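Okay, so the sequence shown: first residue is 376 according to our numbering, each after it adds one. Here a beta-carbon is modelled for each residue, glycine too, at the ideal position from N, C-alpha and C. These numbers come from a predicted model, not from an experiment. Structure first, then comments.
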Amino acid sequence: MIRFAVCLTLCFLGWLTQVGAEERATPKRFSFAALGDVPYGPRDAHWTREVLREIDQEELQFVLHVGDLKSSSEPCSDALILQRKALLTTTRHALVYLPGDNEWTDCELKSNPPFAPQERLERLREWFYPDEMTLGGAPFRLQRQSEIAKFRQYRENVRWEMHGVLFVGLNIPGSNNNYRKEAGRNGEFEERLLANEYWLQRAFAQAQQRQLPAIVIAFQANPFFERHENPKALYRDGYQELRRLLWQLASQYQGHVLLIHGDTHRYRFNQPLNWGSGNKEKSLPHVSRLEVFGSPSALNWVKVNVDLNRSNPFSVEVKQISVNSPD
């Protein structure tokens, strides 16, 4: 009997040790870097290199670039985009890059010489998403939407879970989400819209099923949360479906949501769906939005801290480095 009791005690202690080890292996606090809309030109490229060097001094889980790694006035050439990819991937951390409008949707209109947008998007998929791993010096595995046969082309839409938080990346670019005014030219927009909606719905379903306390959703465009839908508007809003779906899914989710985007080059960290009692829609104070700086503030980046012990797990630190201008 004594031997049995000793054995039982040792087994119990062993179980406690295992549980403790698992808890230690899953920290409730971690950080990552967020930036985007850089570099715009050679000077920004110099500064971005210095920013990445500073980022490498931090203990971070990964670096998130939300798109626009070139300006609209720079060429959409293979050489330039591959040059910018080489710059961003110098980080010692894992790098998650999402496509921006300057890399594909705007190449037909503003780039010299012009390129076909969908051809540029295919090249981005080939260069930046060749396998199931992130880029950067410490890659980790991602789940890509292209694993689903129906959405095989959307390698850029990704999902991963890290320390109890679900991360989602989507191809939602600026320039009105590539919605074209010309009749009969919106097949790309419509098909990608369906893919994005499906990926978002699956992400929230996973977070609900696994009872995850937080979800982060990243994309390039500013979807203009403050814009009220107007059926008499003179143009088609390419983000109206995204806003509706985000509100619907977030309103049914008990955890916290952080949306990260770029596009309008204005740093902000706020609650874009916390409208107050005067709005007919339900306010969602548990939804936060971070917009990264972008050019000309190429010396800035944002450190996002996640602490699942806090009532709101997301906080940010604005970082700015001091460097000399390139010659």
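Range covered by the beta strand (DSSP E) that runs through residue i
i: E478; result: E478 -> no beta strand (DSSP E), and no H or E assigned at all.
i: A323; result: Past the edges of the chain, shown from 376 to 702, lies residue 323, and the structure says nothing about it.
i: A420; result: Element bounds for A420: not the beta strand (DSSP E) but the alpha helix (DSSP H), P417 to I430.
i: A491; result: Neither: A491 is in no beta strand (DSSP E) and is coded neither H nor E.
Exposure of residue i, with buried meaning 16 or more beta-carbon neighbours within 10 Å
i: N477; result: buried
i: D453; result: exposed
i: Y610; result: exposed
i: P417; result: exposed
i: R685; result: exposed
i: R459; result: buried
i: N649; result: exposed
i: G442; result: buried
i: K525; result: exposed
i: G562; result: exposed
i: Q595; result: buried
i: P489; result: exposed
i: S447; result: buried
i: D481; result: buried
i: P492; result: buried
i: T466; result: buried
i: Q586; result: exposed
i: N695; result: First, the residue type needs correcting, since residue 695 is Gln and not Asn in the sequence shown. Label assigned to Q695: exposed.
i: L545; result: buried
i: D412; result: buried
i: V667; result: buried
i: A396; result: Confidence at A396 is low in this model, with a pLDDT of 40, below 50, so its placement is unreliable and no value can be given for it.
Helix, strand or coil at residue i according to DSSP, with G and I counted as helix
i: L410; result: strand
i: G511; result: strand
i: A469; result: strand
i: A570; result: helix
i: I696; result: coil
i: R602; result: coil
i: Q518; result: strand
i: F503; result: helix
i: V441; result: coil
i: I523; result: coil
i: R585; result: coil
i: F405; result: strand
i: V691; result: strand
i: A580; result: helix
i: E449; result: coil
Pairwise C-alpha distance: residue j and residue i
i: R602; j: L473; result: 24 Å
i: E434; j: R560; result: 46 Å
i: R534; j: W676; result: 23 Å
i: H421; j: R527; result: 36 Å
i: K657; j: P647; result: 12 Å
i: Q629; j: L659; result: 10 Å
i: R399; j: Q436; result: Annotation note: pLDDT 38 at R399 (below 50); position unreliable, coordinate value reported separately. About 16 Å.
i: L633; j: K556; result: 31 Å
i: S670; j: L455; result: 17 Å
i: N571; j: N597; result: 15 Å
i: N532; j: V698; result: 35 Å
i: N645; j: V591; result: 14 Å
i: L410; j: H640; result: 10 Å
i: V426; j: L683; result: 28 Å
i: K403; j: F579; result: 20 Å
Check your understanding: Taking the runs of the alpha helix (DSSP H) that are 4 residues or longer, which of them lie wholly in the segment 606-688?
Key -> 615-626
Point to revise | Secondary structure, beta strand (DSSP E): runs of 3+ residues fully inside the segment 530-562 | key: 533-537 and 540-544
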